[in-house]
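Chemist:
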Amino acid sequence: VYGMLMARSTYEGMKLADKDKRPFVLTRAGFIGSQRYAATWTGDNVSNWEHLHMSISMVLQLGLSGQPFSGPDIGGFAGNATPRLFGRWMGIGAMFPFCRGHTETDTIDHEPWSFGEECEEVCRLALKRRYRLLPHIYTLFYMAHTTGTLVASPTFFADPEDLTLRKLENSFLLGPVLVCARFLFYSLDMTYLMTVE
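full-length UniProt numbering applies: residue 1 is where the sequence shown begins, and numbers increase by one.
1) Whose C-beta lies closer than 8 angstroms to the C-beta of S187 among residues of the same chain, with five residues either side of it excluded?
2) My understanding is that A78 touches E104, with C-beta atoms under 8 angstroms, so please give their C-beta distance in whole angstroms.
3) What does S70 pair with, by DSSP beta-bridge criteria?
4) Measuring straight from C-alpha to C-alpha, what distance separates D73 and E12?
5) Just checking, does the stretch 125-138 make contact with the stretch 94-110 on the three C-beta pairs under 8 angstroms criterion?
6) Where W113 and M90 are concerned, what is the direct C-alpha to C-alpha distance, given to the nearest angstrom?
7) Leaving out five residues before and five after R166 in sequence, what residues of the same chain have Cβ atoms less than 6 angstroms from its Cβ?
8) Would you say I137 lies against chain B (beta-carbon separation less than 8 angstroms)?
9) Which same chain residues, not among the five before or five after S55, have their C-beta less than 6 angstroms away from its C-beta?
10) Using alpha carbons as the reference points, say which of R88, Y138, R129 and I137 lies closest to E118.
11) Shortest alpha-carbon distance to N48 belongs to which of L173, P83, E121 and L60?
12) What's the call for S9, buried or exposed, on a 16-neighbour Cβ count within 10 Å?
13) Run the CB neighbour count on G148, radius 10 Å, all protein chains shown included, and call it buried at 16 or more, exposed below.
14) Mind reading off the beta-carbon distance from V1 to F31? Whole number of angstroms is fine, and I expect it under 8 angstroms.
15) Have a look at T164, A152, A181 and M6 and flag the residue whose alpha-carbon is nearest the alpha-carbon of L64.
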């Protein structure tokens, strides 16, 4: 309960400080009801391929638990990402409800320009895609706020009767019609966005 009460206290304190602005509160601790006051990040992660892969299921599980506004530290918090890992993580992370890079001190900067021109361009394209989708993403957040629907949901939500979709761990729906699928293996460099019919 403490995590939710802390988020609520911070939110309400910020509202008192400036009634004309909507507070933004970020937490990694929570409880039932926390989603009313704060976004959730998945906590400190590691700059490796396993944690990139885990970030998808973590965001989806948080959404299914009533926390629709969530995301990981893109690129990993602990350790040093490689240009390929960071670019791949930004590619999928730009489609998460909460998108931001973050790293601990004494590691290399986890900024797109820190990994060379090729990685910077990959990140630029991923972030431009997110900006093009902002009207869609904002609509999903409004729907989550007013009806409790998910922003990012498991791919099997597209067809609950298709049991093969339940095994997919590298993809998700961004709303009811957009599929984000990511090849999370070092040797593959593809992201697919497609609509569901």
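Beta carbons are placed, not taken as given, at the ideal position from N, Cα and C, and that holds for glycine.
Modeler: In brief:
1) Residue 187 sits at position 187 when you count from the first residue of the sequence shown. Low confidence applies to S187: its pLDDT is 45, below 50, so where it sits in the model is not reliable enough to give any reading.
2) Along the sequence shown, one-based indexing puts residue 78 at 78. Along the sequence shown, one-based indexing puts residue 104 at 104. Correct: roughly 6 angstroms between the Cβ atoms.
3) Here residue 70 refers to the residue found at position 70 when the sequence shown is read from its first residue. The partner list for S70 (beta bridge, DSSP) reads T40.
4) Position 73 of the sequence shown, counting from 1, holds the residue named residue 73. Position 12 of the sequence shown, counting from 1, holds the residue named residue 12. The straight-line gap from Cα to Cα measures roughly 26 angstroms.
5) yes
6) For the purposes of this step, residue 113 is identified with residue 113 of the sequence shown, where counting begins at 1. For the purposes of this step, residue 90 is identified with residue 90 of the sequence shown, where counting begins at 1. Going from the Cα of W113 to the Cα of M90 covers about 12 angstroms.
7) Here residue 166 is taken as the residue at index 166 of the sequence shown, counted from 1. F156.
8) This model lacks chain B altogether, as it is built from one protein chain only.
9) One-based indexing of the sequence shown puts residue 55 at position 55. Excluding residues within five positions, the ones whose Cβ falls inside 6 angstroms are P72.
10) The sequence position of residue 118 within the sequence shown is 118, counting from 1. For the residues R88, Y138, R129 and I137, the minimum Cα distance to E118 belongs to R88.
11) Counted from its first residue, the sequence shown places residue 48 at position 48. Here the closest residue by C-alpha is P83.
12) As a position in the sequence shown, residue 9 is number 9, starting the count at 1. Per the 10 Å Cβ criterion, exposed.
13) Counting from one through the sequence shown, the residue named residue 148 turns up at place 148. Result: exposed.
14) Indexing the sequence shown from 1 puts residue 1 at position 1. Indexing the sequence shown from 1 puts residue 31 at position 31. Confirmed, about 5 angstroms.
15) For this step, residue 64 is matched to residue 64 along the sequence shown. With distances taken between Cα atoms, L64 lies closest to A152.
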